[in-house]
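Notes follow once the structure below has been shown.
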Amino acid sequence: MPKTTEPVRDSTVPSTELSAAPTADIPADVTEAGVARQLPVFATIGVLSTAAYLGLYTVLRPALDAQPANLVSLLVTAVANTAANRRFTFRVHGVEGAARHQLQGLVAFFAGLALSSGALAVVHRTLPDAPHMEVGALIVANVAATALRFVLLRLWVFRGP
28 MPKTTEPVRD STVPSTELSA APTADIPADV TEAGVARQLP VFATIGVLST
78 AAYLGLYTVL RPALDAQPAN LVSLLVTAVA NTAANRRFTF RVHGVEGAAR
128 HQLQGLVAFF AGLALSSGAL AVVHRTLPDA PHMEVGALIV ANVAATALRF
178 VLLRLWVFRG P
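Read in order, the letters of the sequence shown are residues 28 to 188 in this note's numbering.
Take a look at the structure:
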């Protein structure tokens, strides 16, 4: 019986090797060595996404209240962030699984939304006359959301088949 190949990340692996490997459901990048490669890529995408998020929030904020501006800004950048991390951080190519990855990425989005919305609520309750504090609160919330996002993407969304 001839061996067939199936695309796995950015290479091909004979399907018989996939089924024989005891950790076939966990890609090689989900190892300590994988983290060393993934973290700088994830961080770069995260910095660019955060800049886009804060820029979009700042543009939307004069026209919208803080919470709707946060929701729109975060949703737009979360979709792009998941796509970029899928391609560059976790080296997943092609369209297979892309919709599922985006749906799973929405879980991370909702976690980030909860953190950023909570941060805005705290600022508005404790410092109602200091709208300039909103961006600072969003940066702090985004740092926490980013750490959670990396864990979710790495161990759940892009864990493998």
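Every residue, glycine too, gets a C-beta built ideally from N, C-alpha and C. None of these values were measured; they are calculated from a predicted model.
Quick test of your reading: Ser-100 and Leu-83, contact by CB under 8 Å. State the CB separation rounded to the nearest angstrom.
Translated into the one-based positions of the sequence shown, residue 100 becomes position 73. Translated into the one-based positions of the sequence shown, residue 83 becomes position 56. Ser-100 to Leu-83, Cβ: 4 Å. Contact.
Alpha carbon to alpha carbon, how far is Ser-144 from Met-160? Give it in angstroms, no decimals.
In the sequence shown, residue 160 corresponds to position 133, counting from 1. In the sequence shown, residue 144 corresponds to position 117, counting from 1. Going from the Cα of Met-160 to the Cα of Ser-144 covers about 14 Å.
May I ask which residues mark the beginning and end of the alpha helix (DSSP H) holding Phe-115?
Within the sequence shown, the letter at position 88 stands for residue 115. Looking at the DSSP string, Phe-115 is not in any alpha helix (DSSP H), and its letter there is neither H nor E.
Which class does His-159 belong to by DSSP, given the choice of helix, strand or coil?
The count along the sequence shown starts at 1 and reaches residue 159 at position 132. It is coil, neither helix nor strand.
Over what stretch of residues does the alpha helix (DSSP H) that includes Val-150 continue unbroken?
Within the sequence shown, residue 150 is the residue found at index 123, counting from 1. Note, Val-150: alpha helix (DSSP H), 125-153.
When you compare each of Val-134, Ala-148, Arg-181 to Asp-92 by their alpha carbons, which one comes out closest?
Start at 1 with the first residue of the sequence shown, and residue 92 comes out as number 65. Answer by Cα proximity: Ala-148.
CB Ala-138 to CB Leu-175, shorter than 8 Å?
Translated into positions along the sequence shown, residue 138 becomes position 111. Translated into positions along the sequence shown, residue 175 becomes position 148. Yes. Within cutoff.
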